[in-house]
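To start, the structure under review is shown below, and the notes come after it.
In the numbering used here, the protein residues as written are 224 to 854.
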C-alpha cells in the first residue's frame with residue numbers, strides 16, 4: 224500500500240518522522256515515490272546525501288535518499304525509524320538574562336536527531352542500517368567550521384528544546400504557541416519549529432519565507448515593530464550586512480532583512496541577544512556599523528566559523544553610508560568626538576525593551592540601547608519635553624525618582640544615568656553643589672531651566688531670540704535643547720567638540736572676551752542684543768558700562784555666564800542650611816573658582832529684592848561687593 228502524502232508542515236514531529244520513515248521504505252522497496260514536496264523536493268537539497276545529491280558530501284554509490292536518516296528496520300531506540308546512533312553529548316547551551324524560559328536543558332527530541340549530523344561528531348555515512356554504514360566520497364564529516372557544523376557549543380544559537388509555555392507570560396512572545404509551526408512533545412521549540420529538513424523552498428530549509436522577518440514574528444511580537452524604522456526602511460544595506468556564502472538571502476533593503484539586520488539564529492558573534500556583531504574593538508557598537516559615514520565590513524567575523532565572510536561593498540555602492548542620501552546621521556563619527564557619551568568595548572548593557580529596568584547602576588559606559596529601542600524607534604517628531612520616535616520605548620526614571628518601564632518624557636531617559644545613580648563629578652564647583660540633574664530640575668527649587676515643568680519666572684525679556692523666534696518664557700525645553708551633537712550631526716547627545724556634549728560653544732573660563740561665538744549656546748535662546756542692553760539685569764544707578772555692572776558690564780569684564788548662573792537649576796530643595804548663601808532665583812549659583820565670599824562670610828551671596836533687581840555681597844575679580852545694589 225502506498226503511503227499517504229504527509230502535510231508539508233505537520234503539527235507534530237512524531238507524524239513528520241513517521242512520514243519520513245515511510246518515504247525511506249518507499250525508496251528502498253521500489254514503491255511509487257512520494258509527492259515532490261517530500262522526496263522530489265528534497266533530492267535537490269544538501270540533505271540528499273545519496274550519489275545524486277548536489278551538496279559537497281555525497282555517497283559513493285548509495286542511491287537511496289531517505290536512508291541517511293530513516294530506516295524501517297533496526298532503528299535507534301526511542302526515535303521513530305531513526306537510522307543514526309544517538310550518542311550522549313554535553314552541549315554548551317544558550318544563556319541570557321533576558322531569556323524568560325530560565326536555564327535551558329540539554330538538546331532533546333527532534334533537535335537531538337538533527338544534531339546527530341550537525342554537531343559534527345558522527346560521520347555522515349555512519350548509519351545503523353545497512354550494518355557498517357555507507358561509504359562516502361571525499362570527507363565523511365561536515366567540514367570543521369562550516370555553517371552546517373554547529374559543534375558542541377550552542378551558546379551562539381537560538382535556544383531549543385525548551386517549553387514555549389515556560390517562557391510565558393512574555394510581552395514579546397505570542398501568548399500561545401503559533402498553530403502554523405511544529406512543536407515537539409507538546410509545546411517544545413526544536414529545530415523543526417523553524418526548519419523543514421525535507422523542503423528547501425524558502426532557503427535554509429525554513430518552514431516559511433522570512434522576508435521581512437515573517438518567520439521570526441510568528442513567535443516574537445515586538446511592540447510597534449511593524450511601524451519601526453528597522454521594519455519599514457527601504458535603505459540599501461545589502462553591501463554592509465554579513466553575507467555568508469549560500470546561507471543568507473540576497474536581500475538588499477533594510478525592511479526585508481528585518482530582525483536579521485542585527486540578529487542571527489545561528490553562529491551569533493555575541494551570544495547574548497544573538498547579535499551578528501562582536502563587541503571587540505575597534506567597533507564595539509553593532510549600530511554604528513550602519514550608522515556611520517563610511518560603513519565597513521562587519522566586525523563580527525572574529526567569532527564566526529571559518530568560511531563566513533562579509534560580502535564587502537557591491538558594485539555601484541562605493542563608500543556611501545546607509546541612507547547617506549536620506550539624512551541618516553553619522554553616529555560613529557559623533558561618539559568619537561572630544562566630548563561624547565563614554566563608549567567601551569562592550570555591547571549595550573541597558574535592556575532595550577523595558578522589563579522594569581529604570582535606573583542604570585553600571586555607569587562606566589553607555590550603549591545605544593540605553594537610550595534607543597531598536598524595535599520601536601522611528602522618525603516621528605515630538606514636542607519637548609516628550610520623547611521622540613528615536614527614543615520611544617526606552618525605560619526611564621521619573622521626576623520623583625521612580626523607575627518607569629517606558630519613558631514618556633525625554634528627561635526620564637537622561638535621569639537613568641544622570642540622576643540618583645550618577646557617576647558625574649561636579650563640572651563647575653558652586654555654592655550649592657550638585658551632580659544629580661533630577662534634583663537640579665526639581666520644581667521645588669528657587670529656579671531651574673524649564674525641563675521638568677514651566678520655569679518659575681516668565682519675565683524674561685531676552686526670549687524669544689532671532690534664532691528661536693517661537694520660543695516663549697512659558698515653554699518647556701529638553702535636555703537635548705542644550706546637550707546634542709554639534710554641527711547638526713543628529714538630534715541626540717552622542718558627541719560634540721564642546722563639553723559636556725553641548726550643541727554649541729559655551730565658555731566657562733574667567734577672562735573670556737564677550738562674543739556671540741563664546742556664548743553661542745546661551746545666545747541661541749537668549750537674544751544677545753537684549754542681554755547686552757541690560758534689559759533684565761540692569762546697570763547700577765547713575766553708572767554706565769562697563770563699570771556699572773549689568774550683563775554688559777560683567778561680560779565686558781571677562782566674567783562668563785557660568786560665573787553667576789547654574790544652567791540646570793539650584794538644588795536647594797528647601798534645606799535651611801543653604802539660607803546663608805542667599806537667594807538662588809534667576810539660576811544664581813556662583814562659580815566658587817571665580818566668585819568668593821567677602822571677609823567674615825561663608826558664601827558669596829545674592830539677595831533678590833524684586834523685579835529685575837537685587838544686591839550682591841561677594842568678592843569678584845578682587846573687588847568687594849558689599850550689598851551692591853542693581854539697578
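Even glycine gets a Cβ: it sits at the ideal position worked out from N, Cα and C.
Fair warning: this is a prediction, and the values are worked out from it, not measured in the lab.
Once you ignore the five residues that flank residue i on each side, which residues in its own chain have a CB closer than 8 angstroms to its CB?
i	result
residue 839	827, 828, 829, 830, 848, 850, 851 and 853
residue 398	391 and 392
residue 385	324, 327, 328, 411 and 412
residue 488	380, 381, 417 and 497
residue 277	267, 268, 269 and 271
residue 299	305, 306, 307, 308, 309 and 351
residue 602	452, 612 and 613
residue 425	431, 432 and 433
Ends of the beta strand (DSSP E) at residue i?
i	result
residue 848	846 to 853
residue 292	Residue 292 -> no beta strand (DSSP E), and no H or E assigned at all.
What first and last residue would you give for the alpha helix (DSSP H) that runs through residue i?
i	result
residue 663	660 to 663
residue 745	743 to 748
residue 479	477 to 480
residue 722	Per DSSP, residue 722 belongs to no alpha helix (DSSP H) and is neither H nor E.
residue 639	633 to 641
residue 754	751 to 755
residue 514	From DSSP, residue 514 is part of no alpha helix (DSSP H); its letter is neither H nor E.
residue 441	439 to 442
residue 775	773 to 779
residue 453	452 to 455
residue 555	554 to 557
Could you pull the DSSP bridge partners for residue i from this structure?
i	result
residue 671	792
residue 407	411
residue 493	498
residue 627	619
residue 653	814
residue 425	BP columns for residue 425 are empty, so no partner.
residue 376	315
residue 394	Per DSSP, none; premise fails for residue 394.
residue 270	In DSSP, residue 270 forms no bridge with anything.
residue 738	Answer by DSSP bridge pairing: none, since residue 738 is not bridged.
residue 805	829
residue 385	412
residue 564	DSSP output for residue 564 lists no bridge partner at all.
With a 10 Å radius around its C-beta and 16 neighbouring C-beta atoms as the bar for buried, classify residue i as buried or exposed.
i	result
residue 561	exposed
residue 294	buried
residue 693	exposed
residue 359	buried
residue 375	exposed
residue 633	buried
residue 565	exposed
residue 405	buried
residue 732	exposed
residue 699	buried
residue 611	buried
residue 592	buried
residue 600	buried
residue 570	For residue 570, the predicted model reports a pLDDT of 42, less than 50, meaning its position is unreliable and no value from the coordinates is stated.
residue 709	buried
residue 772	buried
Below 6 angstroms CB to CB, which residues in the same chain sit around residue i once its five sequence neighbours on both sides are set aside?
i	result
residue 753	684 and 685
residue 319	495
residue 661	638 and 642
residue 810	670, 788 and 789
residue 720	560, 561 and 709
residue 365	343, 371 and 372
Counting only the same chain and skipping the five closest in sequence on each side, list residues whose C-beta sits under 7 angstroms from that of residue i.
i	result
residue 621	627 and 635
residue 296	352
residue 350	290, 291, 306, 307, 356 and 357
residue 743	727 and 728
residue 445	395 and 598
residue 482	436 and 439
residue 663	657, 671, 791, 792 and 794
residue 479	434 and 435
residue 654	804, 812, 813, 815, 826 and 827
residue 748	686, 688, 691 and 694
>> Quick check on the DSSP output: what are the complete beta strand (DSSP E) runs of length 3 or more inside the region 678 to 706, in order along the chain?
In response: none
Which ranges does the beta strand (DSSP E) cover as unbroken runs of at least 3 residues, wholly within the region 808 to 842, from first to last along the chain? 828 to 833
### Task
Would you list, in sequence order, the uninterrupted alpha helix (DSSP H) runs of no fewer than 4 residues that lie entirely inside the region 291 to 366?
332 to 341
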